[in-house]
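Each remark here refers to the structure printed beneath this line.
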Amino acid sequence: ERLMIGGTSNLTRFGHDFPVMIRPVLEALEEQVVLLKLLGEATDSAMTVRIGHENAHEGLTSTSVVAVGYGSGDEAVAKLGVV
15 ERLMIGGTSN LTRFGHDFPV MIRPVLEALE EQVVLLKLLG EATDSAMTVR
65 IGHENAHEGL TSTSVVAVGY GSGDEAVAKL GVV
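Counting from 1, position 65 in the sequence shown corresponds to residue 79 in our numbering; the numbering is continuous, with no gaps.
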(Lines of atoms letter the chains of each structure in order from A and count residues from 1; the text may use other names and numbers.)
(Lines give C-alpha, C1' and ligand atoms only; values in the text may rest on other atoms or scores of the structure.)
Protein backbone atom coordinates (compact mmCIF):
# COMPACT_ATOMS: atom_id res chain seq x y z
CA GLU A 1 0.00 0.00 0.00
CA ARG A 2 1.17 3.49 -0.79
CA LEU A 3 0.30 6.48 1.36
CA MET A 4 0.33 10.03 0.03
CA ILE A 5 0.03 12.99 2.39
CA GLY A 6 -0.41 16.59 1.34
CA GLY A 7 -1.13 19.90 3.01
CA THR A 8 0.33 19.07 6.41
CA SER A 9 2.66 22.06 6.34
CA ASN A 10 -0.35 24.34 5.88
CA LEU A 11 -1.45 23.51 9.42
CA THR A 12 1.64 25.16 10.88
CA ARG A 13 0.97 28.44 9.10
CA PHE A 14 -2.25 28.89 11.05
CA GLY A 15 -1.23 27.27 14.34
CA HIS A 16 -1.98 30.44 16.29
CA ASP A 17 -5.65 30.19 15.21
CA PHE A 18 -6.18 26.81 16.86
CA PRO A 19 -7.33 26.71 20.50
CA VAL A 20 -5.28 23.56 21.12
CA MET A 21 -1.69 22.69 20.37
CA ILE A 22 -1.16 21.51 16.79
CA ARG A 23 1.89 19.37 17.65
CA PRO A 24 -0.06 16.20 18.67
CA VAL A 25 -1.98 16.38 15.40
CA LEU A 26 1.20 16.67 13.34
CA GLU A 27 2.79 13.80 15.25
CA ALA A 28 -0.25 11.60 14.58
CA LEU A 29 -0.15 12.49 10.88
CA GLU A 30 3.52 11.48 10.72
CA GLU A 31 2.67 7.97 11.92
CA GLN A 32 1.69 6.09 8.78
CA VAL A 33 0.21 3.24 10.84
CA VAL A 34 -2.30 5.67 12.35
CA LEU A 35 -3.31 6.99 8.94
CA LEU A 36 -3.56 3.53 7.40
CA LYS A 37 -5.85 2.45 10.24
CA LEU A 38 -8.06 5.51 9.78
CA LEU A 39 -8.32 4.94 6.05
CA GLY A 40 -8.83 1.21 6.57
CA GLU A 41 -12.05 1.99 8.44
CA ALA A 42 -13.52 3.59 5.31
CA THR A 43 -15.70 1.15 3.42
CA ASP A 44 -16.17 0.94 -0.32
CA SER A 45 -19.42 2.90 -0.44
CA ALA A 46 -19.93 4.69 2.88
CA MET A 47 -18.24 7.75 4.25
CA THR A 48 -16.66 7.43 7.71
CA VAL A 49 -16.75 10.46 9.99
CA ARG A 50 -14.93 10.64 13.33
CA ILE A 51 -15.24 13.75 15.50
CA GLY A 52 -13.05 14.56 18.48
CA HIS A 53 -12.79 11.71 20.96
CA GLU A 54 -14.29 9.28 18.42
CA ASN A 55 -10.77 9.20 16.96
CA ALA A 56 -8.86 6.37 18.60
CA HIS A 57 -5.45 8.08 18.46
CA GLU A 58 -5.10 10.67 21.24
CA GLY A 59 -3.25 13.04 18.91
CA LEU A 60 -6.37 13.36 16.77
CA THR A 61 -8.93 13.94 19.54
CA SER A 62 -9.02 17.66 18.75
CA THR A 63 -9.81 17.03 15.07
CA SER A 64 -12.45 15.63 12.78
CA VAL A 65 -11.57 12.96 10.23
CA VAL A 66 -13.62 12.18 7.13
CA ALA A 67 -12.64 9.16 5.02
CA VAL A 68 -14.18 7.35 2.08
CA GLY A 69 -13.19 4.63 -0.36
CA TYR A 70 -13.68 5.22 -4.06
CA GLY A 71 -13.32 3.33 -7.28
CA SER A 72 -15.19 1.62 -10.06
CA GLY A 73 -18.06 -0.68 -9.21
CA ASP A 74 -18.19 -2.35 -5.81
CA GLU A 75 -14.46 -2.36 -5.13
CA ALA A 76 -12.52 0.57 -3.67
CA VAL A 77 -9.27 1.13 -5.53
CA ALA A 78 -8.21 3.98 -3.26
CA LYS A 79 -9.23 5.77 -0.10
CA LEU A 80 -9.30 9.47 0.66
CA GLY A 81 -9.23 11.11 4.07
CA VAL A 82 -9.46 14.71 5.23
CA VAL A 83 -8.39 15.87 8.69
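Each residue gets a CB set at the ideal place from its N, CA and C atoms; glycine is no exception.
Burial is judged here by how many other beta carbons sit within 10 angstroms of a residue's own beta carbon; Leu52 has at least 16 and is buried. Shown here for Thr62: same chain residues with a beta carbon closer than 6 Å to its own, the five before and five after excluded, namely Glu55, Ala56 and Ala81 in chain order. Secondary structure note for Thr62: its beta strand (DSSP E) is the uninterrupted segment Thr62 to Ile65.
Residue burial is scored here from C-beta neighbours: Gly83 has at least 16 other C-beta atoms within 10 angstroms and is therefore classed as buried. In the DSSP secondary-structure assignment, Leu94 is bridged to Val82. Within the same chain, Cβ atoms closer than 8 Å to the Cβ of Thr26 are found at Ile36 and Leu40, the five residues on either side in sequence being excluded. In the three-state reduction of the DSSP assignment, Glu89 falls in the coil class, being assigned neither a helical nor a strand state.
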